[in-house]
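Down below is the structure, laid out as structure tokens.
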Amino acid sequence: MKTVRKKNGVFGHRPGKSGFTLVELLIALFVLQLVIAPLYLVFTSTRQTMFKAADTLVAAGLASSMIAGLRELPRQSLRSQPLIQDSQLVASFSLENLGVMPAPPEFTRKVEIIPATSAGNEGLYIVEVRIEWHNRNSETQVNYVVRNLLRGKE
273 MKTVRKKNGV
283 FGHRPGKSGF
293 TLVELLIALF
303 VLQLVIAPLY
313 LVFTSTRQTM
323 FKAADTLVAA
333 GLASSMIAGL
343 RELPRQSLRS
353 QPLIQDSQLV
363 ASFSLENLGV
373 MPAPPEFTRK
383 VEIIPATSAG
393 NEGLYIVEVR
403 IEWHNRNSET
413 QVNYVVRNLL
423 RGKE
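Dropping the structure here:
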């Protein structure tokens, strides 16, 4: 752009060759906002979905490891157990005895073992593993429950 010297000694731009007007800048910012706002919402909802998926994956691992540990117990050591936190289980069901890692501090794992009472199900138990944690964004409690039949090893 060429500048010209005005009569009063101040430099300025030629008329008709100037930059953007304030109205043009405001319209450009408005259009930019229309593009950026939905993208921001997509990224934040994707982030929340990733947190939920990661937490659910941890819960599934905690539940399946507990069930796998209980499956390795001898059949005669299985017995009824009320719903209780895994750290408070009786010695034969202790995490160390089962070879199961403790739950991370933000998760709680509870276990219940119930005899399956129907004809022909002698020595068969229903095990329920309940994993509880708080949602990272809303602080609402989330429950993940797995039920499985358990017979133990011969």
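If you count the sequence shown from 1, position 143 lands on 415 in our numbering, and the numbers rise without skipping. The C-beta atom is built at its ideal place from N, Cα and C for all residues, glycine as well. Model, not experiment: these values are computed from the prediction.
Among 417, 410 and 411, which residue has its Cα nearest to the Cα of residue 399?
If you number the sequence shown from 1, residue 399 lands on position 127. Residue 417 is the option with its Cα nearest to residue 399.
Bridge-paired residues (DSSP) for residue 382
Within the sequence shown, the letter at position 110 stands for residue 382. Answer is 357 and 402, bridged to residue 382.
One or two residues paired with residue 420 in a DSSP bridge
For the purposes of this step, residue 420 is taken as residue 148 along the sequence shown, with counting starting at 1. 399.
One question on the structure: do residue 432 and residue 403 come within less than 8 Å of each other, judged by their Cβ atoms?
The shown model of the chain, from 273 to 426, leaves out residue 432, and the question about it has no answer.
Would you identify the three-state DSSP class for residue 330, choosing helix, strand or coil?
One-based indexing of the sequence shown puts residue 330 at position 58. The answer is helix: DSSP assigns residue 330 an H, G or I state.
Got a sec? Which residues, its chain only, sit under 6 Å from residue 345 by beta carbon, not counting five neighbours each side?
As a first step, residue 345 must be located in the sequence shown, where it is residue number 73. Here the set comprises 424.
Would you call the CB atoms of residue 339 and residue 401 closer than 8 Å?
Taking the first residue of the sequence shown as 1, we reach residue 339 at position 67. Taking the first residue of the sequence shown as 1, we reach residue 401 at position 129. Result yes, Cβ atoms of residue 339 and residue 401 sit closer than 8 Å.
Per-residue DSSP class, three states only, for residue 409:
As a first step, residue 409 is located in the sequence shown; it is residue number 137 there, counting from the start. Residue 409 falls in the coil class under three-state DSSP.
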